[in-house]
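Residues 5 to 88 in the working numbering are what the sequence shown spells out, letter by letter.
Take a look at the structure below.
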Amino acid sequence: QLGASVNWSHQLTPLSTLGATFARSNSKGTGLNNQETTQQGISLTFSTQLGPNTNAGLTARRVTADGTANYTENALTGTLFHQF
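In structure tokens:
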């Protein structure tokens, strides 16, 4: 298995950040199991502080795989964190 990823982050405001990640990996079996799959994904994350004890985030992600396993995954996830 061989893989690499690149991460980027930027402070938009004192309370908000924007980040991105790109990852790619290649898996190949040996012997009788010489199947090969290439997977790549990209995600974009926005996070912000809503209050002194409250943070929120939103992440959009897309992952694709080609080869032995073929699929595409799209996801949008949100988080809300409050500390009491």
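For each residue, glycine too, the CB sits at the ideal point set by N, CA and C.
Residue THR52 holds the alpha-carbon nearest to the alpha-carbon of HIS14 among ILE46, GLU77 and THR52. Between the alpha carbons of ASN74 and GLN43 lies a distance of about 9 Å. In the DSSP assignment, the residues bridged to GLY71 are THR41.
In its chain, beyond the 5 residues on either side, TRP12 and LEU48 have a beta carbon closer than 6 Å to the beta carbon of ALA24. Cβ-Cβ separation between ALA60 and LEU84: approximately 5 Å, consistent with a contact (criterion under 8 Å).
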